[in-house]
Amino acid sequence: MARVFQVPAGSSRSGARRAAGTPAAPAPAPAPRPGEQKAGIVAGYLAPHPPHLVYAENPPQNEPRSTGGWEVLRWGYEELRRRLRAHRPDVLVVHAPHWITMVGHHVNCVPNPRGISVEPIFPHLFRYHYDFRTDVDLAEAIVEEGERAGLVTSALREDGVRVDYATIGALHLANPDWDLPVVSLSANNNPYYYSDASLAEMETLGVATRRAIERTGRRAVLLGSNSLSHLHWDTEPELPEDMSAERPFNHAQYAGDMELLQTIREGPTSRLKDAVPKHIEATASETKAGSLTWLLAAMGWPDVAGDVLAYGTVIATGNAVVEWVP
Ligand SMILES: [Fe+2]
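Per full-length UniProt numbering, residue 1 is the first one in the sequence shown, and the count goes up by one each step.
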């Protein structure tokens, strides 16, 4: 079974640390002074990362040029950006499924990641030049809180490791100005390899993320970068942004997404603990990678409904932009 995914797992090093007892928790951040904004997670967004959405926007960082496309999803992201600004975050924390780690959870602690991110299946759509700042204090605090919770965690410190397109895509779509620091978390890929690996570990990673945010006194916005239904075409039209070719893969995939989104719109989020695994089973949903479960667990499964800002398909996969405010 997925010993590298579940809570009891660990390297001999982390196992020895646990055997030696739980390290003392560092002091929490001081309470805000009157007039100061409260720290913590101020909002969470389901923020999918199809490279097509970045391609369609023609930002200067992306080499390929387009004539547009997928407008409804991009309008949803425009609304996300307006709301994100209103929350006045200090930092964006993103969990994305294409920084794949097979052992544990990694956190990017490189102060200034820069390079070119390329989508391996669609290099003609996404060759993106990135250059952003990491909130290293918060990134290290997430590593520490993950270890304290018994997770296998690791700090990525090698400068020059290429940042995956899902992380870059979600961050660009949420904040194309790149004027906020970032913390980027990897996705442990064991649920794709072991039939009995569950999303339970994402619950632990979510709680560890929240503790680190509160301890460091940050106002954080979380981005869970997952698409919904995930069956897709294996050919694309002559013009990639030809919207006459864009539609759901089949009725069952669309209906599965609508059922999940209805549950999201009704709330509370605790209903999603059952609804997400059911949706994964029905639609091969990308939420299998755990980003949505991490997001909601970090927010403490708030007793609110989600606000669906947009839904649309990209090469037949279902994608929704959703906001939760705790
Ligand atoms: Fe993806």
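Ideal placement from N, C-alpha and C gives every residue a C-beta, glycine not left out.
| Item | Value |
| --- | --- |
| Who pairs with N188 in a beta bridge, going by DSSP? | T101 |
| DSSP three-state call for G92: helix, strand or coil? | Note that residue 92 is Leu in the sequence shown here, rather than Gly. Note: L92 maps to strand in three-state DSSP. |
| Looking only at C-alpha atoms, which of D159, G146, V42 and F122 sits nearest to I315? | F122 |
| Taking 7 Å as the cut-off, is the beta-carbon of E323 closer than that to any non-hydrogen atom of ligand 1? | no |
| Just to confirm, does S227 get its C-beta within under 7 Å of one of the non-hydrogen atoms of ligand 1? | yes |
| Using only CA atoms, which one of A245, I213, T134 and T317 lies nearest to E144? | I213 |
| Is DSSP giving E36 helix, strand or coil here? | coil |
| The alpha helix (DSSP H) with I264 in it runs from where to where? | H251 to E266 |
| Quick one, are the C-beta atoms of residue 332 and L199 less than 8 Å apart? | As shown, the chain starts at 1 and ends at 326. That puts residue 332 outside it, with no answer to give. |
| Taking just the CA atoms, how far does E236 sit from A245? | 8 Å |
| Counting pairs of beta carbons, one from the region 300-307 and one from the region 50-58, are three or more of them closer than 8 Å? | no |
| Assign P120 to one of two classes, buried (16 or more other C-beta atoms within 10 Å of its C-beta) or exposed (fewer than that). | exposed |
| Roughly how many whole angstroms lie between the Cα atoms of C109 and R81? | 25 Å |
| Could you spell out where the alpha helix (DSSP H) holding S229 opens and where it closes? | First-last for S229: undefined, no H or E at that position. |
| Please return the same chain residues whose Cβ sits closer than 7 Å to the Cβ of D164, not counting the five positions on each side in sequence. | A96, H98, W99 and S117 |
| Between the alpha carbons of F249 and D234, how many angstroms are there, rounded? | 11 Å |
| Using DSSP's beta-bridge definition, name the partner residues of H129. | I116 |
| Are the Cβ atoms of T283 and Q253 separated by less than 8 Å? | yes |
| Quick check on this structure: which residue in P51, R271, P277 and G150 has the alpha carbon closest to the alpha carbon of S66? | P51 |
| Kindly examine ligand 1 and report whether one of its heavy atoms sits closer than 7 Å to the Cβ of P89. | no |
| Taking E79 and L309 to be in contact with their CB atoms under 8 Å, please state how far apart those CB atoms are, rounded to whole angstroms. | 5 Å |
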